[in-house]
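2 protein chains.
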Amino acid sequence: MRMAELSAESGVPVATVKYYLREGLLPPGERTSPNQARYSAAHVQRLRLIKALTEVGGLSLASVGAVLSAIDGDETPHRTMGVVQQELAGTPPKVSDEDAEWASGRLADLMRRHGWKVHPPEHRTMANLVAALATARELGQETLTERLEEYADLAMHVAELDVQVVARLTSIDNIIEAGLVATVLGDRIFAGLRHLAQEQVSRKVLGGG
Amino acid sequence: MRMAELSAESGVPVATVKYYLREGLLPPGERTSPNQARYSAAHVQRLRLIKALTEVGGLSLASVGAVLSAIDGDETPHRTMGVVQQELAGTPPKVSDEDAEWASGRLADLMRRHGWKVHPPEHRTMANLVAALATARELGQETLTERLEEYADLAMHVAELDVQVVARLTSIDNIIEAGLVATVLGDRIFAGLRHLAQEQVSRKVLGGG
C-alpha cells in the first residue's frame with residue numbers, strides 16, 4: 001500500500017508516519033520509484049503498536065524506540081520483556097534515604113518469603129516499588145504496606161493469567177509483541193477494573209451518594 | 001515552623017512551596033509579621049501529598065488542584081473518591097468508532113454479569129477502559145480481552161483489600177486522604193508487584209535467560 005493508505009489504515013497522520021520513518025521507529029517501505037515506497041500490513045501493525053505505547057502506555061518516543069529495538073533484536077523473549085518493563089517503569093521519584101532503606105528491607109523480606117528472584121537484582125521495577133512504598137510511609141499510610149503479602153499473592157494470580165494469555169500465541173514475534181501489549185494495556189485495563197470494583201465495594205462500606 | 005523548616009521537613013524546595021502557596025494548592029500559614037508566617041504539621045503533610053500525586057501518580061498540577069479541592073470540599077467520601085478517580089484516569093486515547101463500540105459492549109456485558117454499577121454512568125475510568133480494550137482489539141490481541149471476566153474477579157479481590165486498608169482509619173479526613181494515597185500509590189505498587197510476579201512466571205513458561 002502507499003503512504004496515504006498506510007496513514008488511513010493505522011489512524012496515524014502522514015506527517016507523523018514520515019517522522020517515525022526518519023527517526024527509525026518504523027522500518028522503510030519497499031522503494032518502487034525515487035519518490036514512492038510500498039508499505040505492508042507489518043507497517044500498519046507497527047504504527048498501531050507505537051500508538052498504543054504512546055497514547056495508552058504514556059511512553060516517550062525515546063522509550064518507544066528502546067522498546068522496539070529490543071523487540072527487533074536477537075534477545076530471548078524473557079530478556080526482551082525485561083527491557084520493556086524497564087522502559088515502562090520510568091524514573092522512580094525521590095524519597096528520603098531512611099524511608100528508602102525501610103522500603104527496600106520490606107520488599108527484600110517479601111521477595112524472600114515468596115521465593116521471588118530478579119535479574120539483574122537492582123532493576124527499575126524494584127526501584128519504583130521501593131519509592132512507592134517509601135512514599136506511603138512518608139505519608140503515614142503504612143497500613144497500605146502492612147497488607148503487602150496479600151497484594152503480592154493477588155499479583156501472582158494476575159501474573160499467572162497474564163502469562164497464560166501471552167503463552168497461547170505460538171510464534172516468537174507474536175509472543176513478544178503480545179507480552180508488550182499485555183503489559184502496557186494490561187496495567188491500564190487492570191487499574192480500570194480495580195477502580196470500578198473499588199467503587200462497588202466502597203459504596204457499601206464508606207456510605208453511598 | 002518557619003518556611004525553611006517546612007521545606008526541610010517536606011523535602012520540597014522553598015521556591016516550589018511559595019509557588020504552591022500562590023497557586024492555592026497549599027493553604028496560607030498563620031501570619032506572625034508582615035514578612036513571616038508560621039506553618040504546621042498539616043502543611044508538611046499536604047506538601048508530601050502533592051509530591052506523591054505529582055511524582056508517583058504523574059498528575060499535572062491542574063489535576064492535583066482539582067483533587068485537593070475535592071478533598072477540602074463538603075462532598076461525601078464516596079463522591080470525593082469519584083473526583084479523585086476521574087483526575088487519575090486522565091484523558092482516554094483515541095480509537096476508531098467500530099472498536100470503541102465493540103469494547104463498550106464487552107464492558108457493559110461484563111458489568112451486567114458482575115452486577116457492577118457506576119454513577120455517573122459515563123465516567124472517565126470507563127472511557128479509559130473502553131479505549132484500552134479497543135486498542136487491544138485493534139492490535140489483534142483479543143486474547144487479553146477474552147479473559148476479562150477472570151481479571152475482573154481478581155480486581156474485585158484487590159478492591160476488597162483496598163477498601164479494608166482504607167476503612168481501618170477512623171477519621172473522615174484520614175479516610176479520604178488514605179483513599180487517595182491508596183489509589184495513587186496502590187496502582188503503582190500493584191503494577192510493580194505484578195511485573196515482578198510476571199518475571200517469576202514467565203521465566204518458567206517462556207524460557208530462561
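Keeping their order, the protein sequence lines are chains A and B. Counting from 1, position 188 in the first sequence corresponds to residue 188 in full-length UniProt numbering; the numbering is continuous, with no gaps. Counting from 1, position 12 in the second sequence corresponds to residue 12 in full-length UniProt numbering; the numbering is continuous, with no gaps. Each residue gets a CB set at the ideal place from its N, CA and C atoms; glycine is no exception. The model shown is predicted, which means the values in this text are computed figures rather than measured ones.
- Task: Starting from Leu161(A), find everything on chain B with Cβ-Cβ shorter than 9 Å and list it in chain order.
- Result: Here the neighbours are Arg147, Glu150, Tyr151 and Leu154.
- Under the assumption that Pro92(B) contacts Arg137(B) (Cβ atoms under 8 Å), give the Cβ distance between them as a whole number of angstroms. Not really, about 15 Å apart at Cβ, beyond 8 Å.
- Segments assigned beta strand (DSSP E), at least 3 residues, entirely inside the segment 14 to 51 of chain A: Qualifying beta strand (DSSP E) stretches, in chain order: 30 to 33 and 36 to 38.
- Item | Span of the alpha helix (DSSP H), counted from its first residue to its last, around Asp109(A) | Where Asp109(A) is concerned, the enclosing alpha helix (DSSP H) stretches over Asp97 to His114.
- Are at least three pairs of beta-carbons, each pair with one atom in the segment 175 to 195 of chain A and one in the segment 8 to 28 of chain B, less than 8 Å apart? The segment 175 to 195 of chain A vs the segment 8 to 28 of chain B: no contact.
- Message: Please list, in chain order, the chain A residues whose beta carbon lies closer than 7 Å to that of Thr125(B).
- Response: Going along chain A in sequence order, the residues near Thr125(B) (Cβ under 7 Å) are Gly192, His195 and Leu196.
- Item | Amino acids of chain A, ordered along the chain, whose beta-carbon sits closer than 9 Å to that of Arg203(B) | Those are His78, Lys117 and His119, listed as they occur along chain A.
- Task: Report the neighbours of Pro93(B) on chain A: residues whose CB is nearer than 9 Å to its CB, in chain order.
- Result: Listed along the chain, the chain A residues whose CB falls inside 9 Å of the CB of Pro93(B) are Lys51, Ala52, Thr54, Glu55 and Val56.
- Item | Inter-residue CB distance, Val84(B) and Ala70(B) (contact presumed, cutoff 8 Å) | Indeed they touch by this definition, with Cβ atoms about 6 Å apart.
- Inter-residue spacing [alpha-carbon to alpha-carbon] between Val158(A) and Ser63(A): Whole-angstrom Cα-Cα distance: 25 Å.
- Message: Please identify the residue among Val166(A), Ala89(A) and Leu25(A) whose C-alpha is closest to the C-alpha of Leu61(A).
- Response: Ranking Val166(A), Ala89(A) and Leu25(A) by Cα distance to Leu61(A) puts Leu25(A) first.
- Query: Near Asp153(B), what residues of its chain come up, given a Cβ to Cβ distance below 7 Å and the 5 sequence neighbours on each side ignored?
  - Reply: None.
- When the Cα of Ile189(B) is compared with those of Gly179(A), Asn128(A) and Gln141(A), which residue comes out closest? Closest option to Ile189(B), Cα to Cα, is Asn128(A).
- Does any residue of chain A bring its CB to less than 8 Å from the CB of Arg188(B)? Interface residue, yes.
- Helix, strand or coil for Arg147(A), going by three-state DSSP, please let me know. Looking at Arg147(A) - three-state DSSP - the assignment turns out to be coil, as it is neither helix nor strand.
- Item | Member of Ala52(B), Ser33(B) and Glu23(B) whose CA lies at the smallest distance from the CA of Ser96(A) | Looking at the Cα atoms, Ala52(B) is the closest of the given residues.
- Query: Using DSSP with H/G/I as helix, E/B as strand and the rest coil, what is Met1(A)?
  - Reply: Met1(A): coil per DSSP, three-state reduction.
- Item | Given 8 Å, three or more beta-carbon pairs between the segment 21 to 39 of chain B and the segment 139 to 151 of chain B | Result no; under three Cβ-Cβ pairs closer than 8 Å.
- Task: Could you run through the UniProt domain "HTH merR-type" (1 to 70) of chain A and flag, in chain order, every residue whose CB is less than 8 Å away from some CB of chain B?
- Result: Near chain B, meaning a CB-to-CB distance below 8 Å, the residues of the UniProt domain "HTH merR-type" (1 to 70) of chain A are Gly11, Gln45, Arg48, Leu49, Lys51, Ala52, Glu55, Val56 and Gly58.
- Task: Determine the closest residue to Ala100(A) out of Arg112(A), Met126(A), His114(A) and Pro28(A), with distance taken between C-alpha atoms.
- Result: The shortest CA-to-CA distance from Ala100(A) to any of Arg112(A), Met126(A), His114(A) and Pro28(A) is the one to Met126(A).
- Message: Within 8 Å of any Cβ in chain B, is that where the Cβ of Ala108(A) sits?
- Response: No, its Cβ sits nowhere closer than 8 Å to a Cβ of chain B.
- Task: Just the C-alpha distance for Arg38(A) and Gln141(B), rounded to the nearest angstrom, thanks.
- Result: If you take the alpha carbons of Arg38(A) and Gln141(B), they lie about 26 Å apart.
- Message: Below 8 Å on the Cβ atoms is my contact criterion, and I expect Gly179(B) with Pro77(B) to pass it. Report the Cβ-Cβ distance as a whole number of Å.
- Response: For a cut-off of 8 Å, the C-beta gap from Gly179(B) to Pro77(B) is around 7 Å, short enough to register as a contact.
- Item | chain B residues whose Cβ lies nearer than 7 Å to that of Val165(A) | Here the neighbours are Thr143, Leu144 and Arg147.
- Please list, in chain order, all residues of the same chain as Leu47(B) whose beta carbon is under 6 Å from its beta carbon, the five residues on each side excluded. Cβ neighbours of Leu47(B) beyond the five flanking positions: Ser10 and Val12.
- For Val165(A), which option in Arg106(B), Thr143(B), Ser33(B) and Glu5(B) has the closest C-alpha, if you only look at C-alpha atoms? Cα-wise, what sits closest to Val165(A) is Thr143(B).
- Query: Pick from Leu68(A), Leu107(A) and Gln36(A): whose alpha carbon is nearest that of Glu146(A)?
  - Reply: Selected option, being the one with the closest Cα: Leu107(A).
- Message: Just verifying my parser: in three-state terms, what is the DSSP assignment at Leu193(A)?
- Response: Correct three-state label for Leu193(A): helix.
- Query: Where do the N-terminal and C-terminal ends of the alpha helix (DSSP H) with Val67(A) fall, by residue?
  - Reply: Bounds of the alpha helix (DSSP H) holding Val67(A) are Leu61 to Asp72.
- Task: Check whether the Cβ of Arg168(B) lies closer than 8 Å to any Cβ atom in chain A.
- Result: Residue contact check for Arg168(B) against chain A: a CB pair falls below 8 Å.
- Item | Where Val181(B) falls: helix, strand or coil (DSSP) | In the three-state scheme derived from DSSP, where H, G and I count as helix and E and B as strand, Val181(B) is classed as helix.
- Item | Interface partners of Ser96(B) on chain C, CB under 9 Å | Among the protein chains of the structure shown, namely A and B, there is no chain C.
- Query: Who are the Cβ neighbours of Met1(A) in its own chain at under 6 Å, not counting the five residues just before and after it?
  - Reply: These residues qualify, in order along the chain: Tyr39.
- Message: Contact criterion: CB-CB distance below 8 Å. Does Glu138(A) meet it with respect to chain B?
- Response: For Glu138(A), the nearest CB of chain B lies under 8 Å from its own CB, placing it at the interface with that chain.
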